[in-house]
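Remarks on the structure that follows.
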Amino acid sequence: MKTQFPNNFVFSQSNMQTYLNCRYKFYLRYIQKLTWPAQVTVDDLRFEEDRNTGIRFHQLLHQYFLGFKPELLIQIAENDPDNRISTWFQTFLASQYAQLQGKIESEKTITTCINDRNFIVKYDLLQFKDGQYTIYDWKTSNKVPNREKLMDSIQTRLYPVVLSEAYQNDQPINFIIWEIIAPNAPIVFSFLKQEILNNGRYIKELTDEILFLDNSDFFKTSNTRQCKICEYRSYCNRGTMPATFEELDENGLNEIEDYWITNGYDANLV
Ligand code: SF4
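FYI, the numbering for the sequence shown is 5 to 274, going by the working numbering.
Here you go:
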């Protein structure tokens, strides 16, 4: 039977990545909107602490780019209950990213329609300088991201496509991923127009596939590692024990991030 999508369904990095990780999870979460509370890791509290610390760090950078006085922000960072914030903020102030020139837009959300599909993307920072855009993504992971995996991720493919379409931009787009635990090794991508077009085609094919599947085509993943960090695992009879932090790889951390985001906001919009 043909799948009925919610009206005005909005594609995002997280729902498309969920689809690639497990079609059935996508179906439960975004089509059926089934909430199935379960502990995602045995260290949920630790994960939540890390996540909230990351959010506060992002807020500090946002305030910095809005023009708040650095002295005030240093004070806020020093008073933070997690002392990593102060160290991270000092690292940021000493980096080239504290001196960016051109037109700067922090925490910028873009919604756009491409090929009759709605998309939403939230950029940590956009810079427009010398006729070119650069996308910045701040990461506060516990592990240094793998360049090849990032290159293939929906985020890396989708962000330049949405920017290019929304701003009718034909120029190359740079994408810089700055991981705070490896501040001297940013991961830098530079996408030429043709590469952005290729990624646009990939996104179109993927959304075509998702939209035209029958209910029965949303099958369970064969990669049972995904199930360990999935809140639906007891629903699916894929085990009851949550994963440990150590069992999580980079994809796992992204999946948990997705879990927290989608359980905090309208699942259709994230
Ligand atoms: S438990 Fe496994 S099969 Fe079930 S939705 Fe989650 S990832 Fe998919």
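Cβ coordinates follow ideal geometry from the N, Cα and C atoms, glycine included.
None of the values given here were measured: they were computed from a predicted structure.
Look at Arg237: its beta carbon is less than 7 Å from one of the heavy atoms in the ligand SF4. Note on Asp141: 16 or more other CB atoms within 10 angstroms of its CB, so buried under the neighbour-count rule. Rounded to the nearest whole angstrom, the CA to CA distance from Lys133 to Ser168 is 15 Å. Relative to the ligand SF4, the nearest heavy atom lies less than 7 Å away from the CB of Lys29.
Between Trp92 and Phe61, the CB-CB gap stays under 8 Å.
Where Trp92 is concerned, the enclosing alpha helix (DSSP H) starts and stops at Arg88 to Leu97.
Short of 8 Å from the beta carbon of Thr95, and not among the five residues preceding or following it, lie these beta carbons of its own chain, in chain order: Ile184 and Pro187. Checking the 7 Å criterion, the Cβ of Arg242 is within range of a heavy atom belonging to the ligand SF4. The straight-line gap separating the alpha-carbon atoms of Asn12 and Gly71 is approximately 36 Å. Beta-bridge partners assigned by DSSP to Leu76: none are found. Under the three-state reduction of DSSP, Thr115 is assigned to strand. Annotated three-state conformation of Glu235 is coil, per DSSP. When the five nearest sequence neighbours on each side are left out, the beta carbons in the same chain lying within less than 7 Å of the beta carbon of Val165 are those of Ile200, Asn203, Gly204 and Ile207, in order along the chain.
Here the stretch 20-29 makes contact with the stretch 215-226; the two share three or more CB pairs at distances below 8 Å. About 5 Å separates the CB atoms of Ile114 and Ala170; that is less than 8 Å, so the two are in contact. Set against 7 Å, the gap from the CB of Leu38 to the closest heavy atom of the ligand SF4 is not smaller.
Look at Thr22: its beta carbon is at least 7 Å from all of the heavy atoms in the ligand SF4. Cβ-Cβ distances below 6 Å link Lys112 to Tyr127 and Leu130 in the same chain, with the five nearest sequence neighbours on each side left out; the list follows chain order. In this structure, Met155 places its C-beta atom within 8 Å of the C-beta atom of Phe193.
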